[in-house]
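Have a look at the structure below before the remarks.
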Amino acid sequence: MDDQNNNKNLLLATALSMLVILVWLVFFPPPEAPVDPNAPVATQAADPAAPVVADTETTSEETAAEAAAARVTIDTDELSGSISMLGGRIDDLRLKDYKETLEPGAETVRLLAPIGQDNAYYAVFDWLPGPGLDRADVPSARTIWRTGTDAKLTVATPLVMTWDNGKGLIFTRTISVDDKFMFTISDAVQNNSAAEVRLAQRGVVARHGLPKLQKIFVVHEGLIRRVDGEFHEIDYKDMVDLPAIEGEGAPSEVTPATIDGWIGFTDHYWMTSLVPDQGTAFTAVAKYTPGSDIYQAEVRAPLLTVAPGASATQGQRLFAGAKEWETIGNYQDAGIAGFIDSIDWGWFFFLTKPIFAVLHWLNATIGNMGLAIIGLTFVLKLIVLPLAYKSYVSMARMKELQPEMEALKERCGDDKPRMRKEMMQLYKDRKVNPAAGCLPVLIQIPIFFSLYKVIFVTIELRQAKFFGWLNDLSAPDSSSLFNLFGLLPWDAPAHGTLLALIFIGILPIILGITMWLQQKLNPAPADPVQQQIFAWMPWVFMFMLGGFASGLVIYWITNNTITFTQQYLIMRSHGHKPDLFGNIKSSLKRKAAAEATAPAKPAAKPPAAAKTSVDAPANRTTPPRSRKPRK
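Sequential numbering from 72 applies to the sequence shown in this note's numbering.
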């Protein structure tokens, strides 16, 4: 009975694990915070007749103007590209340290692209006119800025641009960039007119058309926003359904902020976000323009009053680069509140954040992400060791109760209620928890999910190498049975295909073996149905996890190996020596015996002519009816 209870508990826990892996967590974005109509908003400064990006007809004109505009080169250790003098757009940006693929000669990742190219994606900054000013009186997305002939944006040399509106207002824009991915845009206005002017700076990140999405449930792709301590995510499809707001000219969501925040767009590994000065009021705007299919994120500063003869400055920053954990963390430490949340840590953030922090430290110490995952597995197993120890001890004590359980079955017979009652009393007297055996499996579920999330969302795992053929721990094992792991002269099936699911790689096979060996520490259950389920379970998991990231499979293999060792040693310390080879032989003999005792095919019926007498005892197929003895 104890074997059956142990196996049932383990079966239940494993079935739960399989269920949760197969039916993955479906992401539901949290509800948006309501807009406070009394909060300070800069929307009154906007001119609804002149949006930052024009309609479809104007876009073609803007494309021609973009092609003719002068450009200034961007060149740092991390970034390359250029800035268009049409609107001062930051619209051409590549990330030097990141390649599109692992193929030799692969291009660097292009983050931003100008109007006229597929999926145009850029940042532009302008001024919104207040009362008494026209749209033409302030810089717009179509303003032609002027700069020096030898201008170049580097870490050491900022870019300075000027524009004179011809009516007494002179605008100066200074763009600087640090050694990573942060631009600083400082806009100054000199009022040489005879009248007071009111205006406000605006920053816009615009995406033309729906970008190519990864469509991974555990990764958010779309707009992200933090406003006064509240973090929100909005999918692209939800931006299309934003409500129409009077004065905005397009479906929008306007959110005022008074303390801190930022807004932008995130991809799987990259992000472009506007960061206003923290501690000051601003307005965050999410907008979708249906006619031109443009998604926008905006930051609007409060209206600024500039007296005659005076000058004023407003500024904000632009993050455009890779979501590196350490880099974003440094920006957060420097004052950008909640910036680390731009990495999609998920529902288990209380586990994913510390897990990745340890993984990052191990990788920096060891210098190999695969070895860091193995080291992380040891750390996690050490943390849960006390609970796992109690579980394995309970399992060992269950084995010790085997003789008493057998005697209990003999004593109770078919009286199941009595047997259950006495069995529970026996567990209580011996201080044994029959459900403890499934705890090690249940503990692994949130850890497994958290590590799954970490491996998928963090850029540090992207194209991270281990050894040999394992050159991307965020992707499935690239080896395959299809070509005998590279020995045959043809390529392995592409990941995601049926052939790739069938012809798995080396790591999934090792995973199946470790699960099978761990299972053989205990004798097979007596129930034939459970025997079959347990016999197939390692190989089912082997194919299920074959398409997972290789870093995750490395973790699972290491976890199985450690669990096997722990369970073996703990069971030995409590007087129960696991008969690993005996259990393996027993399972093989049982299989052979099952095949040998399989029911044979029924013999052919005798010919009709070969009838036999019903009175011949030797030919009876049923026993003769019993007769009462004569008196």
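Positions of the beta carbon are idealized from the N, C-alpha and C atoms, including for glycine.
Its Cα nearest to that of residue 170, the residue 149 stands out among 363, 149, 154, 303. Residue 644 counts as exposed, since fewer than 16 other beta carbons sit within 10 angstroms of its beta carbon. Separation of residue 656 and residue 623 (C-alpha to C-alpha, rounded to the nearest whole angstrom) is 31 Å.
Under the three-state reduction of DSSP output, residue 359 falls in the strand class. Every beta strand (DSSP E) stretch that sits fully inside the region 209-248 and reaches 3 residues is listed by chain position as 230-235, 240-248. At the C-beta level, residue 609 and residue 587 come within 7 Å of one another. Our two residues, residue 265 and residue 240, have alpha carbons roughly 10 Å apart in a direct line. Runs of the beta strand (DSSP E) lying entirely within the region 239-318, each at least 3 residues long, are 240-248, 253-262, 268-279, 293-298, 301-306 in chain order.
With fewer than 16 other CB atoms across the displayed protein chains lying within 10 angstroms of its CB, residue 376 is exposed. Relative to residue 212, the option among 502, 234, 220 whose CA is nearest is 234. In the DSSP assignment, residue 167 falls within the beta strand (DSSP E) that extends over 160-170.
The DSSP-derived three-state label of residue 151 is strand.
Taking the CA atoms as reference points, residue 307 sits about 12 Å from residue 286. Check the Cα spacing between residue 157 and each of 183, 195, 281, 537: the tightest is with 195. Residue burial is scored here from C-beta neighbours: residue 263 has fewer than 16 other C-beta atoms within 10 angstroms and is therefore classed as exposed.
Between the alpha carbons of residue 318 and residue 325 lies a distance of about 11 Å. Cβ atoms of residue 144 and residue 153 come within 8 Å of each other, at about 5 Å. Residue 228 and residue 183 have their C-alpha atoms roughly 21 Å apart.
Under the three-state reduction of DSSP output, residue 637 falls in the helix class. DSSP, reduced to helix, strand and coil, places residue 407 outside both helices and strands of the structure shown, so it counts as coil. Counting only runs of 4+ residues, the alpha helix (DSSP H) found wholly inside the region 414-467 occupies 420-437, 440-454, in chain order. About 7 Å separates the Cβ atoms of residue 250 and residue 147, confirming a contact at the 8 Å cut-off. Using a Cβ distance threshold of 7 Å, residue 289 and residue 524 count as a contacting pair.
With the rule of 3 Cβ pairs closer than 8 Å, the region 549-556 does not count as touching the region 439-447.
Under the three-state reduction of DSSP output, residue 193 falls in the strand class. Residue environment: residue 589 is assigned as buried (16 or more neighbouring CB atoms within 10 Å of its CB, all protein chains considered). Rounded to whole angstroms, residue 206 and residue 243 show a C-alpha spacing of 17 Å. In this structure, residue 562 lies away from residue 621, with their beta-carbon atoms at least 7 Å apart. If you look at residue 534, you'll find it isn't in any alpha helix (DSSP H); DSSP assigns it neither H nor E. Looking only at 390, 386, 257, the smallest Cα-Cα distance to residue 276 is reached by 390. Comparing alpha-carbon positions, the option among 223, 356, 179, 522 lying closest to residue 393 turns out to be 179.
A straight line joining the alpha-carbon of residue 451 with that of residue 367 spans about 42 Å. Between the region 393-408 and the region 308-317 there are fewer than three inter-stretch CB-CB distances shorter than 8 Å, so the stretches are not counted as touching. Here the alpha carbon of residue 498 sits roughly 18 Å from the alpha carbon of residue 486.
By alpha-carbon distance to residue 260, the top candidate from 220, 284, 316, 199 is 199.
Taken through DSSP and simplified to helix, strand or coil, residue 342 comes out as strand.
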